[in-house]
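Colleague:
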Amino acid sequence: SQQGEEDPQALSIQEGENATMNCSYKTSINNLQWYRQNSGRGLVHLILIRSNEREKHSGRLRVTLDTSKKSSSLLITASRAADTASYFCAYTGGGNKLTFGTGTQLKVEL
Amino acid sequence: NAGVTQTPKFQVLKTGQSMTLQCAQDMNHEYMSWYRQDPGMGLRLIHYSVGAGITDQGEVPNGYNVSRSTTEDFPLRLLSAAPSQTSVYFCASSYWTSGMSSYEQYFGPGTRLTVT
């Protein structure tokens, strides 16, 4: 399977702390995306980083990409209870298939 | 815009029954896809389409059929349901350009299917 892996599988933090989750993949990629899924709902796109980019920011989100290590990280700064969700990376190697990672469950406690 | 819609939201089938999960989008997206989500396994691609009349297999296509007669609709057919097909099914759509990498995917709310 070419499915990516994410770690940690679960993460519990206090509100105001930063949350970091990591994604490792197995193939060469054109871009990598991060999605959020609230319980029982569809996924929502957060950010896309291209293979020639090393870092990208969007609001409280910071994504890094290291193609030599085939890995990416998502940092959420100053977490809020509303950030509680599952987070997935997804990537494509240039074909038409998007492959998702196994996800990180984030819980932000008040 | 309604975005991506899926029906039904919930379905219970008996082993051997067939059914069609409906998916429609009103964003004029060329690319549509079906995923299944099982605990601890993320999303796995079942089938996808890059335009009307064009479909292809994903990672886990066995037991499922698709067709794309219009840009808007992409139904998923379960031919003979099995308990292993108990899952949550998501439809997604996006823009697509030949030779380009993927774009942001827009997801439907999902269909929760139980096969007994």
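Chains C and D supply the protein sequences, listed in that same order.
Quick note: the first sequence uses the numbering used here, first residue 9, plus one each step.
Quick note: the second sequence uses the numbering used here, first residue 6, plus one each step.
Just so you know, even glycine gets a beta-carbon here, dropped at the ideal spot from N, CA and C.
Does the region 77-87 of chain C touch the region 23-36 of chain C, meaning 3 or more C-beta pairs lie closer than 8 Å?
Modeller: A contact exists between the region 23-36 of chain C and the region 77-87 of chain C.
Colleague: Look up Lys77 of chain C in the DSSP assignment and give the residues it is bridged to.
Modeller: In the first sequence, counting from the first residue as 1, residue 77 of chain C sits at position 69. Looking at the DSSP assignment, Lys77 of chain C forms no beta bridge with any residue, so it has no partner.
Colleague: Let me see if you follow: with CB-CB separation under 8 Å, is Asn60 of chain C close to chain D or not?
Modeller: The residue you call residue 60 of chain C lines up with position 52 of the first sequence. No, Asn60 of chain C does not count as interfacial toward chain D.
Colleague: In this structure, what does DSSP give as the bridge partners for Leu69 of chain C?
Modeller: Here residue 69 of chain C refers to the residue found at position 61 when the first sequence is read from its first residue. According to DSSP, which records beta bridges pairwise, Leu69 of chain C is partnered with C:Ser66, C:Ile84.
Colleague: DSSP state of Ser59 of chain C, grouped into three classes?
Modeller: Within the first sequence, residue 59 of chain C is the residue found at index 51, counting from 1. Ser59 of chain C falls in the coil class under three-state DSSP.
Colleague: Hey, is Asp43 of chain D's beta-carbon within less than 8 Å of any beta-carbon in chain C?
Modeller: Here residue 43 of chain D is taken as the residue at index 38 of the second sequence, counted from 1. Output row for Asp43 of chain D: interface = no.
Colleague: Can you grab the Cα-Cα spacing for the pair Arg70 of chain C / Glu63 of chain C, in whole Å?
Modeller: On the first sequence, position 62 is the one that residue 70 of chain C refers to. On the first sequence, position 55 is the one that residue 63 of chain C refers to. Taking the straight line from one Cα to the other gives about 7 Å.
Colleague: Counting only beta-carbon separations shorter than 8 Å, does Tyr94 of chain D have a partner in chain C?
Modeller: Here residue 94 of chain D refers to the residue found at position 89 when the second sequence is read from its first residue. With 8 Å as the cut-off, Tyr94 of chain D does not count as an interface residue toward chain C.
Colleague: Please identify, using Cβ separations under 8 Å, the residues of the region 42-68 of chain D that lie next to chain C, in order along the chain.
Modeller: Correct list: Gly45, Met46, Gly47, Leu48, Arg49, Leu50, Tyr53, Val55, Asp61, Gly63, Glu64.
Colleague: Can you check DSSP and say which residues form a bridge with Ala27 of chain C?
Modeller: Stepping through the first sequence from its first residue, residue 27 of chain C is reached at position 19. C:Ile84.
Colleague: With a 10 Å radius around its C-beta and 16 neighbouring C-beta atoms as the bar for buried, classify Arg58 of chain C as buried or exposed.
Modeller: The count along the first sequence starts at 1 and reaches residue 58 of chain C at position 50. Classification of Arg58 of chain C: exposed, given that the 10 Å Cβ count is below 16.
Colleague: Evaluate His65 of chain C with the Cβ neighbour count: other Cβ atoms within 10 Å of its Cβ, from every protein chain shown; 16 or more gives buried, anything less gives exposed.
Modeller: Along the first sequence, one-based indexing puts residue 65 of chain C at 57. Exposed: under 16 other Cβ atoms inside 10 Å.
Colleague: Do Glu117 of chain C and Gln45 of chain C have their C-beta atoms closer together than 8 Å?
Modeller: Along the first sequence, read from residue 1 onward, the residue named residue 117 of chain C stands at position 109. Along the first sequence, read from residue 1 onward, the residue named residue 45 of chain C stands at position 37. Contact: no.
Colleague: On the premise that Gly63 of chain D lies in contact with Leu48 of chain D, defined as a C-beta separation below 8 Å, what is that separation, rounded to the nearest angstrom?
Modeller: Here residue 48 of chain D corresponds to residue number 43 of the second sequence, with the count starting at 1. Here residue 63 of chain D corresponds to residue number 58 of the second sequence, with the count starting at 1. Contact flag wrong, Cβ pair sits at about 10 Å.
Colleague: Go to Leu48 of chain D, then tell me how far its beta strand (DSSP E) extends in each direction, as first and last residue.
Modeller: Counting from 1 along the second sequence, the entry for residue 48 of chain D is found at position 43. Run containing Leu48 of chain D: 48-56, per the beta strand (DSSP E) assignment.
Colleague: Under the three-state reduction of DSSP, which class applies to Ala87 of chain D: helix, strand or coil?
Modeller: As a position in the second sequence, residue 87 of chain D is number 82, starting the count at 1. Residue state, collapsed to three classes: coil.
Colleague: Which value, in whole angstroms, describes the spacing of the CA atoms of Val65 of chain D and Leu81 of chain D?
Modeller: Reading the second sequence from its first residue, position 60 is the one you call residue 65 of chain D. Reading the second sequence from its first residue, position 76 is the one you call residue 81 of chain D. Each residue's alpha carbon lies about 13 Å from the other.
Colleague: So, is Ser94 of chain C buried or exposed, given that buried needs 16 or more other C-beta atoms within 10 angstroms?
Modeller: Within the first sequence, residue 94 of chain C is the residue found at index 86, counting from 1. So Ser94 of chain C ends up on the buried side.
Colleague: Applying the criterion that 16 or more other CB atoms from any shown protein chain within 10 Å of the CB defines a buried residue, is Thr10 of chain D buried or exposed?
Modeller: Translated into positions along the second sequence, residue 10 of chain D becomes position 5. Classification of Thr10 of chain D: exposed, given that the 10 Å Cβ count is below 16.
Colleague: Note the first and the last residue of the continuous beta strand (DSSP E) segment covering Val17 of chain D.
Modeller: Sequence index remark: in the second sequence, residue 17 of chain D carries index 12 (1-based). Start and end: 15-18.
Colleague: Starting from the C-beta of Gly101 of chain C, find all residues in its chain whose C-beta is less than 7 Å away, skip the five residues before and the five after it, and write them out in chain order.
Modeller: Start at 1 with the first residue of the first sequence, and residue 101 of chain C comes out as number 93. So the qualifying residues of the chain are Thr35, Ser36, Ile37, Asn38.
Colleague: With distances taken Cα to Cα, identify the nearest neighbour of Glu109 of chain D among C:Leu56, C:Pro16, C:Cys31.
Modeller: Working through the second sequence from its first residue, we reach residue 109 of chain D at position 104. When each option's Cα is compared against that of Glu109 of chain D, the closest is C:Leu56.
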